[in-house]
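Numbering (the working numbering) for the sequence shown: -10 to 205. Think of the CB as a built atom: it goes at the ideal place given N, C-alpha and C, for glycine as much as any other residue. Treat the numbers as computed from the prediction; the structure is a model and nothing was measured. What follows is one structure encoded as structure tokens, with my remarks underneath.
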Amino acid sequence: MEHLLAPSILAADFANLERDIHMVNASQADWFHLDVMDGVFVPNISFGMPVIKSIAKHAKKPLDVHLMIVDPDRYLSEFADLGADVLTVHAEACSHLHRTLGQIRDLGMKAGVALNPHTPVESLVDVVDEIDLVCLMSVNPGFGGQRFIERTFQKTKAMRRLLDQANSKAYVEIDGGVGPDNWSDLVEAGADVLVAGSSTFNASDPHSAIIEMKGL
Ligand code: DX5
Ligand code: ZN
């Protein structure tokens, strides 16, 4: 499988969002990663529906929406209407994860589930058939630009094993602190989608940074 790069818009310049979206459209990046934070599930507030609506108008690549919010069931259909292609909820934020994932698929989106660094991959054993993407947090969610947690390499391998054993074709996505220093080790460990916020948008030349990370 090809390895996909998803620039996190959290690291874009919100006063020049259209410019940054066009940069991603014209680049070798694959998806838009959109981080929605509610100030409750995580200690930060990012952006919500009106901003995603504006992004969707210009984005020419799939929208990978990462919900860091409590009780995401309340908003699933709204995100479908906004044009989310992948909708990822946190396992820690869902009391009925199996049902939530089924609803996401019923709404026509890929169902993603994110795990905080402390949540073991084994917690997904009984929902593995309902998952299209697993997002392993390689930082504690809430902020861009944090340091990558090294333990993620082992966790990625363990996740890949678990999915293979279940004959699952779900993507493994890694989110937080990803850049040129850990990209190839993550790919080797079994990552399919790599979220890159700071390492894309803070680079002096984002286009070359993307090409370099993807090894093109
Ligand atoms: C963290 C977010 C990440 C973040 C990644 O809570 O889920 O997607 O934007 O940013 P970097 O790549 O800068 O660590
Ligand atoms: Zn994210």
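Decide if residue i is buried, meaning its Cβ has at least 16 other Cβ atoms within 10 Å, or exposed.
i    : result
L205 : exposed
M98  : buried
H212 : This structure cannot speak to residue 212, because the chain is shown only from -10 to 205.
M202 : buried
H87  : exposed
Is it the case that the Cβ atoms of residue i and residue j are separated by a distance below 7 Å?
i     : j     : result
L71   : L104  : no
L(-1) : D27   : no
D181  : V161  : yes
V110  : A147  : yes
V176  : H(-8) : yes
S127  : I163  : yes
D207  : A159  : Outside the shown range of the chain (-10 to 205) lies residue 207, about which nothing can therefore be said.
F30   : V59   : yes
F137  : A178  : no
A155  : L(-6) : no
S16   : H196  : yes
A73   : V54   : yes
Would you say the beta carbon of residue i is closer than 6 Å to some non-hydrogen atom of the ligand ADP?
i   : result
S35 : This structure simply doesn't include the ligand ADP; it includes the ligand DX5 and the ligand ZN instead.
Requested in this report: Please go through the segment 14 to 59 and give each complete beta strand (DSSP E) segment of 3 or more residues, from N-terminal end onward.
Outcome: The segment 14 to 59 contains these whole beta strand (DSSP E) runs: 21 to 26, 52 to 57.
Item checked: Sequence-ordered residues whose beta carbon comes within less than 6 Å of a heavy atom of the ligand ZN -> Having a Cβ closer than 6 Å to some heavy atom of the ligand ZN are S(-3), H22, D24, H55, D164, V184.
Next on the checklist: Using 8 Å as the cut-off, can you tell me whether the segment -4 to 15 makes contact with the segment 181 to 191, which would need three or more C-beta pairs spanning the two stretches below that distance?
Outcome noted: Yes: the two stretches touch, three or more of their Cβ pairs being nearer than 8 Å.
**Item:** In chain order, each alpha helix (DSSP H) run of at least 4 residues that lies wholly inside the segment 157 to 191
**Value:** Positions of the alpha helix (DSSP H) runs, each at least 4 residues long and wholly inside the segment 157 to 191, are given as 172 to 178, 187 to 190 in order along the chain.
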